[in-house]
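Participant:
Residue numbers (this note's numbering): -15 to 148.
1. Would you kindly work out how many angstroms separate the C-alpha atoms of residue 37 and residue 136, rounded to a whole number?
2. Could you name the residues of the same chain whose beta carbon sits closer than 7 angstroms to that of residue 143, not counting the 5 residues immediately before and after it, in chain order?
3. Can you give me the Cβ contacts of residue 114 inside the same chain, cut-off strictly under 7 angstroms, excluding the 5 residues immediately before and after it?
4. Straight-line CA distance for residue 10 to residue 79?
5. Tell me which same chain residues have a C-beta within less than 6 angstroms of the C-beta of residue 118, skipping the five on either side of it?
6. Quick one: Cα of residue 20 to Cα of residue 109, how far?
7. Just tell me which of 64, 116, 54, 35 has its CA closest to the CA of residue 201.
8. Beta-carbon within less than 6 angstroms of residue 96's beta-carbon, same chain only, minus the 5 sequence neighbours each way: which residues are those?
9. Is it buried or exposed for residue 70, if we count other Cβ within 10 angstroms and need 16 for buried?
10. Are the beta-carbon atoms of residue 116 and residue 54 separated by less than 8 angstroms?
11. In three-state terms, what does DSSP make of residue 134?
12. Closest to residue 39 by CA distance: which of 52, 23, 91, 49 is it?
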(Lines of atoms letter the chains of each structure in order from A and count residues from 1; the text may use other names and numbers.)
(Lines give C-alpha, C1' and ligand atoms only; values in the text may rest on other atoms or scores of the structure.)
Protein backbone atom coordinates (compact mmCIF):
# COMPACT_ATOMS: atom_id res chain seq x y z
CA UNK A 1 0.00 0.00 0.00
CA UNK A 2 2.85 2.40 0.81
CA UNK A 3 4.26 2.05 -2.72
CA UNK A 4 0.80 2.59 -4.21
CA UNK A 5 0.29 5.79 -2.21
CA UNK A 6 3.85 7.01 -2.90
CA UNK A 7 3.33 6.56 -6.65
CA UNK A 8 0.42 9.01 -6.71
CA UNK A 9 1.59 12.49 -7.70
CA UNK A 10 0.14 15.34 -5.64
CA UNK A 11 1.57 18.13 -7.80
CA UNK A 12 -0.57 20.18 -10.08
CA UNK A 13 -3.94 21.79 -10.37
CA UNK A 14 -7.44 21.09 -9.03
CA UNK A 15 -8.11 18.53 -11.76
CA UNK A 16 -5.04 16.61 -10.60
CA UNK A 17 -6.33 16.83 -7.01
CA UNK A 18 -9.52 15.05 -8.12
CA UNK A 19 -7.35 12.42 -9.82
CA UNK A 20 -5.34 11.98 -6.59
CA UNK A 21 -8.56 11.45 -4.62
CA UNK A 22 -9.80 8.87 -7.15
CA UNK A 23 -6.50 6.99 -6.98
CA UNK A 24 -6.51 7.09 -3.16
CA UNK A 25 -10.07 5.71 -3.17
CA UNK A 26 -8.85 2.78 -5.27
CA UNK A 27 -5.94 2.17 -2.89
CA UNK A 28 -8.31 2.21 0.11
CA UNK A 29 -10.85 -0.10 -1.55
CA UNK A 30 -8.11 -2.58 -2.53
CA UNK A 31 -6.23 -2.58 0.79
CA UNK A 32 -8.73 -1.93 3.58
CA UNK A 33 -11.29 -4.51 4.74
CA UNK A 34 -14.17 -2.04 4.54
CA UNK A 35 -16.86 -4.72 5.02
CA UNK A 36 -15.31 -6.15 8.19
CA UNK A 37 -14.74 -2.72 9.73
CA UNK A 38 -18.27 -1.59 8.81
CA UNK A 39 -19.80 -4.67 10.37
CA UNK A 40 -17.63 -4.25 13.50
CA UNK A 41 -18.77 -0.62 13.81
CA UNK A 42 -22.42 -1.77 13.81
CA UNK A 43 -21.62 -3.79 16.94
CA UNK A 44 -24.67 -5.09 18.80
CA UNK A 45 -26.97 -3.58 16.18
CA UNK A 46 -25.93 -6.22 13.66
CA UNK A 47 -28.43 -8.67 15.19
CA UNK A 48 -30.97 -6.00 16.18
CA UNK A 49 -31.55 -4.61 12.68
CA UNK A 50 -33.22 -5.92 9.56
CA UNK A 51 -31.23 -7.26 6.63
CA UNK A 52 -32.07 -4.14 4.60
CA UNK A 53 -30.90 -1.84 7.42
CA UNK A 54 -27.63 -3.78 7.67
CA UNK A 55 -27.08 -3.58 3.90
CA UNK A 56 -27.90 0.14 3.84
CA UNK A 57 -25.63 0.88 6.81
CA UNK A 58 -22.75 -1.16 5.34
CA UNK A 59 -23.05 0.55 1.95
CA UNK A 60 -23.19 4.08 3.37
CA UNK A 61 -20.59 3.49 6.08
CA UNK A 62 -18.12 2.05 3.53
CA UNK A 63 -18.44 5.24 1.46
CA UNK A 64 -18.02 7.35 4.62
CA UNK A 65 -14.98 5.36 5.79
CA UNK A 66 -13.37 5.50 2.34
CA UNK A 67 -13.78 9.30 2.27
CA UNK A 68 -12.36 9.58 5.80
CA UNK A 69 -9.32 7.46 4.86
CA UNK A 70 -8.74 9.48 1.67
CA UNK A 71 -8.87 12.70 3.68
CA UNK A 72 -6.35 11.38 6.23
CA UNK A 73 -4.03 9.94 3.57
CA UNK A 74 -4.06 13.12 1.47
CA UNK A 75 -3.09 15.16 4.52
CA UNK A 76 -0.15 12.90 5.31
CA UNK A 77 0.85 12.39 1.67
CA UNK A 78 1.60 15.99 0.93
CA UNK A 79 3.38 16.92 4.14
CA UNK A 80 5.17 13.87 5.48
CA UNK A 81 7.32 10.83 4.98
CA UNK A 82 6.18 7.38 6.10
CA UNK A 83 8.70 5.05 7.70
CA UNK A 84 7.89 1.47 8.66
CA UNK A 85 9.20 1.14 12.21
CA UNK A 86 8.17 -2.41 13.14
CA UNK A 87 6.20 -5.50 12.24
CA UNK A 88 4.80 -7.97 14.74
CA UNK A 89 2.87 -11.19 14.15
CA UNK A 90 -0.16 -11.38 16.45
CA UNK A 91 -1.19 -14.84 15.23
CA UNK A 92 -1.16 -16.86 11.98
CA UNK A 93 -3.58 -14.45 10.30
CA UNK A 94 -2.87 -11.05 11.86
CA UNK A 95 0.12 -8.73 12.12
CA UNK A 96 0.69 -5.19 13.31
CA UNK A 97 2.75 -2.79 11.22
CA UNK A 98 4.08 0.19 13.14
CA UNK A 99 4.76 3.30 11.09
CA UNK A 100 5.86 6.85 11.75
CA UNK A 101 4.72 9.76 9.63
CA UNK A 102 7.37 12.47 9.97
CA UNK A 103 6.81 16.08 8.99
CA UNK A 104 9.21 18.76 9.98
CA UNK A 105 12.31 18.31 12.09
CA UNK A 106 10.86 16.71 15.20
CA UNK A 107 7.16 16.37 14.46
CA UNK A 108 5.71 12.94 13.83
CA UNK A 109 2.62 10.77 14.28
CA UNK A 110 2.78 7.06 15.02
CA UNK A 111 0.22 5.05 13.10
CA UNK A 112 -0.16 1.28 13.48
CA UNK A 113 -1.93 -0.83 10.88
CA UNK A 114 -3.61 -4.08 11.89
CA UNK A 115 -3.37 -6.33 8.83
CA UNK A 116 -5.44 -9.51 8.63
CA UNK A 117 -5.44 -12.40 6.16
CA UNK A 118 -8.54 -12.32 4.00
CA UNK A 119 -8.79 -15.34 1.68
CA UNK A 120 -5.63 -15.16 -0.45
CA UNK A 121 -4.60 -11.59 0.41
CA UNK A 122 -4.03 -9.32 3.38
CA UNK A 123 -6.19 -6.31 4.20
CA UNK A 124 -6.00 -3.55 6.79
CA UNK A 125 -8.63 -4.27 9.44
CA UNK A 126 -7.88 -1.38 11.82
CA UNK A 127 -5.73 1.71 12.12
CA UNK A 128 -4.41 2.91 15.47
CA UNK A 129 -3.38 6.57 15.57
CA UNK A 130 -1.49 7.73 18.66
CA UNK A 131 -2.79 4.71 20.57
CA UNK A 132 -6.45 5.14 19.56
CA UNK A 133 -8.15 2.44 17.48
CA UNK A 134 -10.18 4.00 14.68
CA UNK A 135 -12.54 0.97 14.54
CA UNK A 136 -13.24 0.97 18.29
CA UNK A 137 -13.62 4.76 18.33
CA UNK A 138 -16.05 4.63 15.40
CA UNK A 139 -18.01 1.77 17.01
CA UNK A 140 -18.43 3.80 20.19
CA UNK A 141 -19.48 6.95 18.31
CA UNK A 142 -21.96 5.15 16.06
CA UNK A 143 -23.40 3.09 18.93
CA UNK A 144 -24.18 6.32 20.77
CA UNK A 145 -25.73 7.85 17.63
CA UNK A 146 -27.87 4.77 16.98
CA UNK A 147 -28.94 4.62 20.66
CA UNK A 148 -30.00 8.27 20.53
CA UNK A 149 -31.45 8.65 17.03
CA UNK A 150 -32.11 5.15 15.68
CA UNK A 151 -30.52 3.24 12.81
CA UNK A 152 -32.70 4.82 10.10
CA UNK A 153 -31.64 8.33 11.14
CA UNK A 154 -27.96 7.36 11.22
CA UNK A 155 -28.19 5.77 7.76
CA UNK A 156 -29.93 8.91 6.49
CA UNK A 157 -27.22 11.14 7.96
CA UNK A 158 -24.46 9.00 6.41
CA UNK A 159 -26.24 9.07 3.04
CA UNK A 160 -26.66 12.85 3.20
CA UNK A 161 -23.01 13.43 4.17
CA UNK A 162 -21.77 11.00 1.51
CA UNK A 163 -23.56 13.01 -1.19
CA UNK A 164 -21.90 16.32 -0.28
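Just so you know, even glycine gets a beta-carbon here, dropped at the ideal spot from N, CA and C.
Keep in mind the model is a prediction, meaning the values are calculated, not measured.
Facilitator: For this structure:
1. For the purposes of this step, residue 37 is taken as residue 53 along the chain shown, with counting starting at 1. For the purposes of this step, residue 136 is taken as residue 152 along the chain shown, with counting starting at 1. About 7 angstroms.
2. Counted from its first residue, the chain shown places residue 143 at position 159. Non-local beta-carbon contacts of residue 143 in its own chain, meaning distances under 7 angstroms to residues more than five positions away in sequence, involve 44 in chain order.
3. For the purposes of this step, residue 114 is taken as residue 130 along the chain shown, with counting starting at 1. If we look at residue 114 and ignore the five residues flanking it on each side, its Cβ neighbours are 93, 94.
4. On the chain shown, position 26 is the one that residue 10 refers to. On the chain shown, position 95 is the one that residue 79 refers to. Rounded to whole angstroms, residue 10 to residue 79 spans 23 angstroms at the Cα level.
5. As a working note, residue 118 is residue 134 in the chain shown. 111, listed in sequence order.
6. Translated into positions along the chain shown, residue 20 becomes position 36. Translated into positions along the chain shown, residue 109 becomes position 125. Rounded to whole angstroms, residue 20 to residue 109 spans 7 angstroms at the Cα level.
7. Examination of residue 201 is not possible in this model, given that the chain is present from -15 through 148 alone.
8. Your numbering for residue 96 matches position 112 in the chain shown. Correct list, in chain order: 80, 82, 112.
9. As a first step, residue 70 is located in the chain shown; it is residue number 86 there, counting from the start. Label assigned to residue 70: exposed.
10. Translated into the one-based positions of the chain shown, residue 116 becomes position 132. Translated into the one-based positions of the chain shown, residue 54 becomes position 70. No.
11. Taking the first residue of the chain shown as position 1, residue 134 is located at position 150. In the displayed model, residue 134 falls within coil according to three-state DSSP, outside both helix and strand.
12. For this step, residue 39 is matched to residue 55 along the chain shown. With distances taken between Cα atoms, residue 39 lies closest to 23.
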